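Colleague: Here's a structure for you.
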Amino acid sequence: MGNNANDNDFKWYHGNMSRRFAKDLLLRDPDVENGLFLVRTSGTSPGDYVLSVVFNGDVVHYQIRKHGEDAFFSIDDETTIHGLETLIEYYQEDARGLVTKLTKPIKGQAPPHETRRHGNTNLLHRATLQNNYCIVSELVKCGDRNLDAKNQVGQTAVHLAAIDGLKEILEKLIESNASVNCRDTAGYTPLHYACQGNFPEIVEILIAGGANIQARHTKTGMVPLHEAADKGYQEIVKILLKHNAPVNPRTVADEVPADLAKKNGHTECEQFLCNYDRPTNEKKSSWYHGTLDRMEAIHLLNESGGKDGSFLVRRSDRHDGIYVLTVLYGGQTFNFQIQKMKLQGHFLFIDNGPYLPSLEHVIDHYRRMPDGLPGPLIHAVAPIPKPPVPEMPPSIFNGDTLRKKKESLSKSVLEAAFPAPTSSCNIDDEIDIKIEDNQDLHCAVPAIIESDNETPMPESEGIIIKKSDSTAFTPGENLILGEVLGEGEFGAVHEGLYITPSGTQQPVAIKMLRDKTSPSTREEFLREARLMMSFDHHCIVKMIGFSEGPPLLMVQELVPLGSMLAYLLEFPDRVSPNYELKIWATHIACGEFQQWFNLNFEHSMMNFTLHPLGMKYLEDIRLVHRDLAARNILLASRTQAKISDFGLSRTFGNNDYYKATAGGKWPIKWYAPESFNYGAFSTASDVWSYGVTLWEMFSYGEQPYGDMKGTEVIEFIERGERLPQTEKCPDYVYHVMLRCWNLRISERPTFKELMDIFSNDPEYANLNDLAMLENLS
Numbered sequence: 001m002g003n004n005a006n007d008n009d010f011k012w013y014h015g016n017m018s019r020r021f022a023k024d025l026l027l028r029d030p031d032v033e034n035g036l037f038l039v040r041t042s043g044t045s046p047g048d049y050v051l052s053v054v055f056n057g058d059v060v061h062y063q064i065r066k067h068g069e070d071a072f073f074s075i076d077d078e079t080t081i082h083g084l085e086t087l088i089e090y091y092q093e094d095a096r097g098l099v100t101k102l103t104k105p106i107k108g109q110a111p112p113h114e115t116r117r118h119g120n121t122n123l124l125h126r127a128t129l130q131n132n133y134c135i136v137s138e139l140v141k142c143g144d145r146n147l148d149a150k151n152q153v154g155q156t157a158v159h160l161a162a163i164d165g166l167k168e169i170l171e172k173l174i175e176s177n178a179s180v181n182c183r184d185t186a187g188y189t190p191l192h193y194a195c196q197g198n199f200p201e202i203v204e205i206l207i208a209g210g211a212n213i214q215a216r217h218t219k220t221g222m223v224p225l226h227e228a229a230d231k232g233y234q235e236i237v238k239i240l241l242k243h244n245a246p247v248n249p250r251t252v253a254d255e256v257p258a259d260l261a262k263k264n265g266h267t268e269c270e271q272f273l274c275n276y277d278r279p280t281n282e283k284k285s286s287w288y289h290g291t292l293d294r295m296e297a298i299h300l301l302n303e304s305g306g307k308d309g310s311f312l313v314r315r316s317d318r319h320d321g322i323y324v325l326t327v328l329y330g331g332q333t334f335n336f337q338i339q340k341m342k343l344q345g346h347f348l349f350i351d352n353g354p355y356l357p358s359l360e361h362v363i364d365h366y367r368r369m370p371d372g373l374p375g376p377l378i379h380a381v382a383p384i385p386k387p388p389v390p391e392m393p394p395s396i397f398n399g400d401t402l403r404k405k406k407e408s409l410s411k412s413v414l415e416a417a418f419p420a421p422t423s424s425c426n427i428d429d430e431i432d433i434k435i436e437d438n439q440d441l442h443c444a445v446p447a448i449i450e451s452d453n454e455t456p457m458p459e460s461e462g463i464i465i466k467k468s469d470s471t472a473f474t475p476g477e478n479l480i481l482g483e484v485l486g487e488g489e490f491g492a493v494h495e496g497l498y499i500t501p502s503g504t505q506q507p508v509a510i511k512m513l514r515d516k517t518s519p520s521t522r523e524e525f526l527r528e529a530r531l532m533m534s535f536d537h538h539c540i541v542k543m544i545g546f547s548e549g550p551p552l553l554m555v556q557e558l559v560p561l562g563s564m565l566a567y568l569l570e571f572p573d574r575v576s577p578n579y580e581l582k583i584w585a586t587h588i589a590c591g592e593f594q595q596w597f598n599l600n601f602e603h604s605m606m607n608f609t610l611h612p613l614g615m616k617y618l619e620d621i622r623l624v625h626r627d628l629a630a631r632n633i634l635l636a637s638r639t640q641a642k643i644s645d646f647g648l649s650r651t652f653g654n655n656d657y658y659k660a661t662a663g664g665k666w667p668i669k670w671y672a673p674e675s676f677n678y679g680a681f682s683t684a685s686d687v688w689s690y691g692v693t694l695w696e697m698f699s700y701g702e703q704p705y706g707d708m709k710g711t712e713v714i715e716f717i718e719r720g721e722r723l724p725q726t727e728k729c730p731d732y733v734y735h736v737m738l739r740c741w742n743l744r745i746s747e748r749p750t751f752k753e754l755m756d757i758f759s760n761d762p763e764y765a766n767l768n769d770l771a772m773l774e775n776l777s
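In structure tokens:
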């Protein structure tokens with residue numbers, strides 16, 4: 001293929017595509033064969049690319065490394081080749097070290113121009129330089145010329161026309177579909193040059209032809225507005241702003257156009273930029289949802305139709321002053337943090353995007369142009385109206401007092417994540433279970449329940465709790481209510497302050513029941529509160545007190561890092577399947593790490609620590625959790641995890657199990673067969689849930705059983721099938737999961753046995769030693 005080859009010959013580039021999406025795309029192709037391939041941008045190494053190729057029913061990924069400033073590339077540091085398209089041609093001729101030679105590409109787009117080999121100056125370049133419109137017209141009329149061919153410095157004919165202000169030639173080139181967004185080796189687009197040269201007409205023509213007004217210089221990050229402001233070309237500035245260029249784009253050095261105008265003495269231009277105010281018609285109520293976790297946001301976008309460009313804005317529950325833009329494109333959900341400018345908090349920004357004065361302006365900007373997003377924002381997903389929060393006594397709504405008290409507290413602590421009052425599992429994971437009160441469990445399930453104990457079930461499900469100290473009751477006047485952290489079906493969780501009897505201020509989470517709830521809901525709420533008051537364990541969320549109201553509320557400790565599930569979904573890149581996840585699995589089932597927790601080491605390898613002694617503690621006190629899942633494990637720090645959400649928990653005293661006498665909506669995907677079939681719950685059923693929790697960890701937060709409904713999961717399990725081993729899960733850990741999912745409860749491990757299994761295994765003992773050394777280093 002020569003310098004003037006048509007772009008259609010190498011449209012195998014697919015932009016910023018994830019590894020998983022690339023694999024799915026390749027294997028879904030109806031003509032899948034060895035050598036089917038695509039090229040995508042590397043998500044981990046800026047400037048590099050990835051070759052994904054099919055081989056024997058799987059997909060192999062090769063890193064394509066860029067060398068230096070020019071377009072030189074190689075795979076595995078072998079042969080270095082000039083031009084990405086030349087590299088692909090090279091491996092289409094022969095495998096040359098790859099698992100197979102490249103055959104057919106998955107059609108995408110042509111690779112970026114800055115990655116292509118540079119041709120010599122051709123006739124089109126020379127005709128443009130000579131401002132010879134007739135020859136340019138004849139050349140483009142022939143149709144066999146590559147309009148985007150580059151000369152030795154990577155400039156196309158469009159570059160040359162923009163540099164010299166050649167209006168007619170530029171219009172002819174654009175009319176013939178020449179690209180207006182190529183970058184040369186210096187990192188500039190034609191629009192950059194038109195702004196530098198003060199050519200207003202050329203700027204208008206380029207923008208009308210599709211020029212990206214937010215194209216950044218590859219080194220400095222300057223966009224065309226920077227170029228115009230730097231030279232004080234106010235007419236160019238006004239044209240760019242008229243075409244919706246943001247007034248405060250940022251360079252790599254964090255300079256906005258007004259900064260450059262000021263630095264170069266262009267006072268009038270500086271003042272114009274500083275005083276420029278772009279109105280917006282955006283309404284926050286159309287897309288802002290307040291506190292909303294990632295899974296809820298994804299669910300809402302899919303429920304709204306799953307259309308490309310669907311979006312919403314939510315408040316980050318673990319970062320101070322940060323919002324999150326969640327947007328859907330190509331069936332994939334993307335989350336972008338909307339941060340505040342550190343020095344001037346009234347400006348907001350996404351990644352290296354422009355400074356914008358409000359959330360409304362952020363949405364307005366990204367509706368107009370992608371500017372680093374996978375596409376523009378199109379379909380706003382509005383929040384679902386929620387029931388009002390119950391009225392509180394005036395002392396709790398003392399806003400002035402709250403502001404004064406909060407000044408002395410870390411905002412990041414006050415706004416820490418805390419689970420909503422109800423389970424966060426998908427509604428499809430829950431089904432209504434009906435329990436027959438007179439059902440004989442021993443006769444119904446002889447293959448599962450093997451106990452000969454005929455002790456009758458207690459008549460009441462009530463839990464007798466030993467009265468605690470005075471903190472069992474927290475009067476409302478000792479609480480200062482803050483912002484909502486989360487909401488559920490029956491109530492809300494607020495941030496707040498608890499003023500202790502000694503007068504100290506303690507950040508807390510206030511779990512509040514709405515006024516208009518049924519007596520049974522109120523009783524369940526009080527049951528959970530009294531139960532949690534009886535706990536005294538560092539691996540269980542601490543209950544500070546509760547009030548019978550009105551309103552009815554619980555006061556609990558704040559758990560700063562949020563749920564383990566949310567952490568896995570948000571920070572998967574921080575977890576290695578061959579190290580961190582193995583350490584994590586060890587912590588779940590190995591008591592040897594108790595000493596590490598007590599020492600409270602802060603280390604990156606300790607990001608995920610679900611402490612086993614919490615469940616062992618529940619096992620010892622004869623209590624079944626009934627809702628053990630990754631969403632209900634909270635991370636207090638990098639070295640401390642806590643079990644939460646005891647709304648379904650029950651004691652079973654001297655019996656072998658707790659027998660539910662009433663049904664309800666249960667998280668079926670985490671339940672053992674004896675639980676969803678017969679309402680029987682025991683430590684063994686918690687062990688089954690524990691195995692599902694392990695599976696969530698090693699799948700990096702995937703939904704167990706995928707899109708199956710609750711009834712489908714029951715049928716799946718009763719056929720003898722189990723969750724499959726995930727790609728990142730070692731055989732050893734999966735074997736433990738399968739033991740947890742044994743149909744016969746007598747053959748499932750206890751939590752004590754799980755601790756012994758991991759702590760006595762040589763492989764995990766080695767990890768133990770390695771981790772200990774790293775903590776001491």
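Under UniProt numbering, the residue at position 740 of the sequence shown is numbered 740, and the numbers go up by one with no gaps.
From the three backbone atoms N, C-alpha and C, an ideal C-beta is built for every residue, glycine too.
Nothing here was measured: the structure is a model prediction, and the numbers come from that model.
Can you give me the start and stop residues for the alpha helix (DSSP H) that residue 798 sits inside?
Modeller: Residue 798 cannot be examined here, being either before or after the span of the chain that is shown, 1 to 777.
Colleague: Would you kindly report the start and end of the unbroken beta strand (DSSP E) that includes K101?
Modeller: Looking at the DSSP string, K101 is not in any beta strand (DSSP E), and its letter there is neither H nor E.
Colleague: Counting Cβ pairs, one atom from each stretch, are 3 or more of them under 8 Å apart for the stretch 132-141 and the stretch 81-92?
Modeller: Contact between the stretch 132-141 and the stretch 81-92 is absent, because fewer than three Cβ pairs lie under 8 Å.
Colleague: When you compare the CB positions of I239 and V180, do they come within less than 8 Å of one another, or not?
Modeller: no
Colleague: Got a sec? Which residues, its chain only, sit under 6 Å from V140 by beta carbon, not counting five neighbours each side?
Modeller: S176
Colleague: Smallest Cα separation from A127: which of F55, D164, T103, E718?
Modeller: D164
Colleague: What span of residues does the beta strand (DSSP E) with M295 cover, start to end?
Modeller: Unbroken run through M295 is the alpha helix (DSSP H), 294-303; no beta strand (DSSP E).
Colleague: Let's see if you can read the secondary structure: which residues bound the alpha helix (DSSP H) around G491?
Modeller: Note, G491: premise wrong, no alpha helix (DSSP H); beta strand (DSSP E) at 491-499.
Colleague: Using C-beta distances below 8 Å, list every residue in its chain close to A162, excluding the 5 sequence neighbours before and after it, in chain order.
Modeller: L170, P190, L191, Y193, A194, G197, F199, I202, L206
Colleague: For V256 and L27, what's the separation of their Cα atoms in angstroms?
Modeller: 45 Å
Colleague: Taking 8 Å as the threshold (C-beta atoms), are V39 and I75 in contact?
Modeller: no
Colleague: Residue 791: buried (16+ other C-beta within 10 angstroms of its C-beta) or exposed?
Modeller: In this structure the chain extends from 1 to 777, so residue 791 is not present and cannot be described.
Colleague: Give the secondary structure of K66 by DSSP, where H, G and I count as helix, E and B as strand, and everything else as coil.
Modeller: strand
Colleague: Got a sec? Which residues, its chain only, sit under 6 Å from K104 by beta carbon, not counting five neighbours each side?
Modeller: Counting only Cβ-Cβ distances below 6 Å, and skipping sequence neighbours, we find L36.
Colleague: For L27, does the three-state DSSP call read helix, strand or coil?
Modeller: helix
Colleague: If you draw a straight line from the alpha carbon of T333 to that of L325, how long is it in whole angstroms?
Modeller: 10 Å
Colleague: Identify, in the order they occur along the chain, each residue of the same chain with its Cβ nearer than 8 Å to the Cβ of A71, setting aside the five sequence neighbours on each side.
Modeller: H82, G83, L84, E114, T115, R116, R117, H118
Colleague: For the beta strand (DSSP E) holding M554, just list the boundary residues, first then last.
Modeller: 553-557
Colleague: Quick check: I633 and S563, are their CB atoms within less than 8 Å of each other?
Modeller: yes
Colleague: Less than 8 Å separating the beta-carbons of V362 and I378?
Modeller: no
Colleague: By a C-beta neighbour count over all protein chains shown, 10 Å radius and 16 as the cutoff for buried, is M17 buried or exposed?
Modeller: buried
Colleague: Run the CB neighbour count on K669, radius 10 Å, all protein chains shown included, and call it buried at 16 or more, exposed below.
Modeller: buried
Colleague: I need the straight-line Cα distance from S689 to Y734, nearest angstrom please.
Modeller: 14 Å
Colleague: Please name the residue in V50, I106, P749 whose C-alpha comes closest to that of W12.
Modeller: Taking each of V50, I106, P749 in turn and checking the Cα distance to W12, the smallest one comes out for I106.
Colleague: For H379, which residues does DSSP report across the bridge?
Modeller: According to DSSP, residue pairing for H379 in a beta bridge involves S310.
Colleague: Looking at C-alpha atoms only, which residue of R719, K307, Y233 is the closest neighbour of E268?
Modeller: The alpha carbon of E268 has as its nearest neighbour, out of R719, K307, Y233, the alpha carbon of Y233.
Colleague: What's the call for V54, buried or exposed, on a 16-neighbour Cβ count within 10 Å?
Modeller: buried
Colleague: In terms of alpha-carbon separation, which member of G210, N151, I714 lies closest to A178?
Modeller: G210
Colleague: What distance in whole Å lies between the Cβ atoms of A566 and D277, which are believed to be in contact at a cut-off of 8 Å?
Modeller: D277 to A566, Cβ: 38 Å. No contact.
Colleague: When you compare only the Cα positions, how much space is there between Y705 and W741?
Modeller: When only Cα atoms are considered, Y705 and W741 end up about 14 Å apart.
Colleague: How long is the line joining the alpha carbons of residue 785 and S685, rounded to whole angstroms?
Modeller: Here the chain covers residues 1 to 777 and nothing more, so residue 785 does not appear.
Colleague: From this set, P572, D573, K542, which residue's C-alpha is nearest L558's C-alpha?
Modeller: K542
Colleague: Using the C-alpha atoms, what's the distance from R20 back to I64?
Modeller: In this structure, the alpha-carbon of I64 lies about 18 Å from that of R20.
Colleague: When we look at the beta-carbon of L738 and count the other beta-carbons within 10 Å, is it buried (16 or more) or exposed?
Modeller: exposed
Colleague: Starting from the Cα of N261, find the closest Cα among E270, K728, C729 and give me that residue.
Modeller: The question names Asn, yet the displayed sequence has Ala at residue 261. Of all alpha-carbon atoms in E270, K728, C729, the one lying nearest the alpha-carbon of A261 is that of E270.
Colleague: Across which residues does DSSP place F349 in a beta bridge pair?
Modeller: Q339
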